[in-house]
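*Asks:* Same order as they appear, the protein sequences are chains G and V. Taking my numbering, the leading residue of the first sequence gets 9, the next gets one more, and so forth. Taking my numbering, the leading residue of the second sequence gets 180, the next gets one more, and so forth. Don't be surprised by glycine CBs; every beta carbon is placed ideally from N, CA and C. Quick caveat, the model's predicted, so the values are computed rather than measured. Just dropping this structure here.
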Amino acid sequence: GIQVEQSPPDLILQEGANSTLRCNFSDSVNNLQWFHQNPWGQLINLFYIPSGTKQNGRLSATTVATERYSLLYISSSQTTDSGVYFCAVKGRPDRGSTLGRLYFGRGTQLTVWP
Amino acid sequence: SAVISQKPSRDICQRGTSLTIQCQVDSQVTMMFWYRQQPGQSLTLIATANQGSEATYESGFVIDKFPISRPNLTFSTLTVSNMSPEDSSIYLCSVVGPSSYEQYFGPGTRLTVT
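Listed below in C-alpha cells is the structure:
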C-alpha cells in the first residue's frame, strides 16, 4: 500500500501564530483529504484536495500531485484548533492499493496555548 | 455530505465478552468501511463491507474476531469478539459521500476492555 508521512509530529503554538503542516505520499493518488480529530475523537473533514489550492476561513491547503505532497496552512491559530491533524490518501487499485481505502499518516499533534 | 451515527458512543467491557457496534448512514451507500484507532495511533482499516456480499478484511484482521454484517445500503454492524485489553480502541465507521469522492466518518465508538 501507499506510504503517507506527516511532519512535524508535534507542534506547539501561541494563539495568533501561523503554521504549516506537511504531508508526503509515496505514489500517485486518487484522493487526498485533511482531517482534524478533536479531543473527543471525532474526525472533522477539512479539505478534499487531490490537487490545487483551496481555502476555508483561516485554513487553506495546497496539493502538488506531481511532486507527491500536500500542505495545510493554519493562520491566526486559536485554542480550538488544538487536536490531531491527519492527512489521508486513496491509492490506485492498479498499483496495489485496496479499493476505496484511505491510507492515513501518523498525524500532527497541534497544541495552541492562549 | 453524509451524516453517520454510531452506537454505542463508548463502552467499558470485560475481557472475553463481545460488543456489537452499529453504524447508520442517512443515505444509501455502496461501500462502508470500519477503521480502528488504537490509543495514540493513526487509523487502520479493518474491513470493507458491501451490501449483499461478504466483508473484505485487511491483513491482520479476521472474520472470527471482527464479524461484520451489512443487511442493507444504510446500515452495518461490527462485532468485536472475545475481547482483550489490546482491543481497547476507537472504532469508526466510514462511507464515501454522495459525490463518490470525499469520505466521511462517524463519531466513533470508544471501547475500553478491562
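Residues in the segment 271–282 of chain V with C-beta within 8 angstroms of chain G's C-beta atoms, listed in sequence order?
*Replies:* Within the segment 271–282 of chain V, the residues whose Cβ lies closer than 8 angstroms to some Cβ of chain G are LEU271, SER273, VAL275, TYR280, GLU281, GLN282, listed in chain order.
*Asks:* For TYR280(V), count the other beta carbons within 10 Å of its own beta carbon; 16 or more makes it buried, fewer makes it exposed. Which is it?
*Replies:* Under this definition TYR280(V) is an exposed residue.
*Asks:* Against chain G, does LEU222(V) count as a neighbour if the rule is that its beta carbon must be under 8 angstroms from one of theirs?
*Replies:* True, the Cβ-Cβ gap to chain G drops below 8 angstroms.
*Asks:* Please decide whether ASN53(G) counts as near chain V, where near means a Cβ-Cβ distance under 8 angstroms.
*Replies:* Closer than 8 angstroms to some Cβ of chain V, the Cβ of ASN53(G) qualifies, so yes.
*Asks:* Does the distance from the C-beta atom of PRO47(G) to that of GLN117(G) stay below 8 angstroms?
*Replies:* Contact: no.
*Asks:* Quick check on VAL182(V): buried or exposed, where buried means 16 or more other Cβ atoms within 10 Å of its Cβ?
*Replies:* Burial call: exposed.
*Asks:* On a Cα-Cα basis, can you pick out the residue from THR28(G), GLN14(G), GLN11(G), ILE10(G) that is closest to SER84(G)?
*Replies:* Ranking THR28(G), GLN14(G), GLN11(G), ILE10(G) by Cα distance to SER84(G) puts THR28(G) first.
*Asks:* Can you give me the Cβ contacts of LEU110(G) inside the same chain, cut-off strictly under 8 angstroms, excluding the 5 residues immediately before and after it?
*Replies:* Excluding residues within five positions, the ones whose Cβ falls inside 8 angstroms are ASN39, GLN41, ALA96, VAL97, LYS98.
*Asks:* Output yes or no for whether 8 angstroms exceeds the beta carbon distance between GLY113(G) and VAL12(G).
*Replies:* A contact, by the Cβ cut-off of 8 angstroms.
*Asks:* Measuring only the C-alpha atoms, how far is ARG289(V) from SER15(G)?
*Replies:* When rounded, the distance between both Cα atoms is 27 angstroms.
*Asks:* Assess, as a yes-or-no matter, whether the segment 194–209 of chain V is touched by the segment 64–82 of chain G under the definition of 3 or more beta carbon pairs within less than 8 angstroms.
*Replies:* Taking 8 angstroms as the limit for Cβ pairs, the verdict is that the segment 194–209 of chain V does not touch the segment 64–82 of chain G.
*Asks:* Between PHE123(G) and ILE57(G), which are expected to be in contact by the criterion C-beta below 8 angstroms, what is the C-beta distance as a whole number of angstroms?
*Replies:* An answer regarding residue 123(G) cannot be provided, because it is not within the stretch 9 to 122 covered by chain G.
*Asks:* Assuming THR256(V) and ILE200(V) make a contact with CB atoms under 8 angstroms, what is their CB distance in whole Å?
*Replies:* Rounded, the Cβ-Cβ distance is 6 angstroms, consistent with contact.
*Asks:* In three-state terms, what does DSSP make of ASP190(V)?
*Replies:* Of the three classes helix, strand and coil, the one that applies to ASP190(V) here is strand, per DSSP.
*Asks:* State buried or exposed for SER273(V), treating a residue as buried only when at least 16 other CB atoms are found within 10 Å of its CB.
*Replies:* When all chains shown are included, SER273(V) counts as buried.
*Asks:* Using a C-beta cutoff of 8 angstroms, does ILE247(V) count as contacting chain G?
*Replies:* Output row for ILE247(V): interface = no.
*Asks:* Using C-beta distances below 7 angstroms, list every residue in its chain close to SER78(G), excluding the 5 sequence neighbours before and after it, in chain order.
*Replies:* Result list for SER78(G): CYS31, LEU40, ILE57, ALA69, THR70, THR71, CYS95, in chain order.
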